[in-house]
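So the sequences go chain by chain: S and E.
Mapping the first sequence onto UniProt numbering, position 33 (from 1) lands on 33, and the numbers just tick up by one.
Mapping the second sequence onto UniProt numbering, position 84 (from 1) lands on 84, and the numbers just tick up by one.
Beta carbons: idealized from backbone N, C-alpha and C, even for Gly.
Number of protein chains: 2
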Amino acid sequence: MPLDPKIADRLKRDRDGLVPAVVQQHDTGEVLMLAWMDDEALHRTLTTGRATYWSRSRRAYWVKGETSGHAQWVRHVALDCDGDTILLKVEQVGAACHTGDRTCFDADVLSVP
Amino acid sequence: MPLDPKIADRLKRDRDGLVPAVVQQHDTGEVLMLAWMDDEALHRTLTTGRATYWSRSRRAYWVKGETSGHAQWVRHVALDCDGDTILLKVEQVGAACHTGDRTCFDADVLSVP
Numbered sequence: 001m002p003l004d005p006k007i008a009d010r011l012k013r014d015r016d017g018l019v020p021a022v023v024q025q026h027d028t029g030e031v032l033m034l035a036w037m038d039d040e041a042l043h044r045t046l047t048t049g050r051a052t053y054w055s056r057s058r059r060a061y062w063v064k065g066e067t068s069g070h071a072q073w074v075r076h077v078a079l080d081c082d083g084d085t086i087l088l089k090v091e092q093v094g095a096a097c098h099t100g101d102r103t104c105f106d107a108d109v110l111s112v113p
Numbered sequence: 001m002p003l004d005p006k007i008a009d010r011l012k013r014d015r016d017g018l019v020p021a022v023v024q025q026h027d028t029g030e031v032l033m034l035a036w037m038d039d040e041a042l043h044r045t046l047t048t049g050r051a052t053y054w055s056r057s058r059r060a061y062w063v064k065g066e067t068s069g070h071a072q073w074v075r076h077v078a079l080d081c082d083g084d085t086i087l088l089k090v091e092q093v094g095a096a097c098h099t100g101d102r103t104c105f106d107a108d109v110l111s112v113p
């Protein structure tokens, strides 16, 4: 079973067939990370309830937390107005970032005037 | 003045020289939209405090709200652990989405099991 064609028709993929997915903790609103999905990763995410991405560096599907235990249980998925970005609201187990930080945006804050 | 070289050295751009920017309302945590920045857009954002993007369709810089009035005043900017995503926390004036919705993710919710 591939991705529901009614959803696939609305997706606008980049030239590699990917769409960025913004991942947010469902209750606190923390933005945890950004990852990439193709149709199959979105299909697996929607049907399993477990966040699944396409790793651009490893060129492989990646079930978040499969090796680290830091899974993301999906509570809510939406496409944006253009169909070119996905928002996932998840229950994050442990740290979202591979560095051990809660989010991937904790370490490198830039100053604003 | 270009982007601070200490920041530019940490940025990992796609093959078009762009980095995705996740835009979040600073107090409620709502994810408002995703847009794209090159070095100059990030430089303008950091030095003016006003969210400025690169429009891939129009191939032009785009100061959010310049025509609509729906500006984004920047409160916080961070890079992610890989330097390939930017998180902006902003004070959004009015609707973030060009459709008039508060966020670009309000209209197209997908069901999760």
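For the C-beta of threonine 99(S), the chain E residues within less than 9 Å are, from N- to C-terminus, Cys81. Threonine 28(S): not part of any beta strand (DSSP E); DSSP gives it neither H nor E. Taken in chain order, the complete alpha helix (DSSP H) segments of 4 or more residues contained in the UniProt domain "Phosphoribosyl-AMP cyclohydrolase" (33-105) of chain S are 39-48. Alanine 107(S) sits in coil when the DSSP states are folded into three classes, being neither helix nor strand. Closest by C-alpha distance to arginine 10(S), out of Ala78(S), Val90(S) and Val112(S), is Ala78(S). Per DSSP, lysine 12(E) lies in no alpha helix (DSSP H) segment and is marked neither H nor E. Shown here, proline 5(E) sits in a helix according to DSSP, grouped into three states. With a threshold of 16 other beta carbon atoms within 10 Å, valine 109(E) falls short and is exposed. Contact annotation: cysteine 81(S) and cysteine 104(E) have beta-carbon atoms nearer than 8 Å.
Legend: CB atoms of the segment 50-84 of chain S lying less than 9 Å from CB atoms of chain E belong to residues Val74, Arg75, His76, Val77, Ala78, Leu79, Asp80, Cys81, Asp82, Gly83 and Asp84. For arginine 44(E), the nearest beta carbon of chain S is not closer than 8 Å to its own beta carbon. Under DSSP, valine 19(E) takes part in a beta bridge, and its partners are Met37(E). Looking only at Arg50(E), Ala35(E) and Leu46(E), the smallest Cα-Cα distance to alanine 8(E) is reached by Leu46(E). Closer than 8 Å to the CB of alanine 8(S) there is not a single CB belonging to chain E. Closest in alpha carbon position to aspartate 4(E), among Ala21(E), Val22(E), Arg15(E) and Arg44(E), is Arg44(E).
The C-beta of aspartate 108(S) comes closer than 8 Å to at least one C-beta of chain E. One alpha carbon belongs to aspartate 16(E), the other to methionine 37(E), and they sit about 10 Å apart. Of Trp54(E), Asp84(E), Gly49(E) and Asp27(E), the smallest CA-CA separation from alanine 71(E) is found for Gly49(E).
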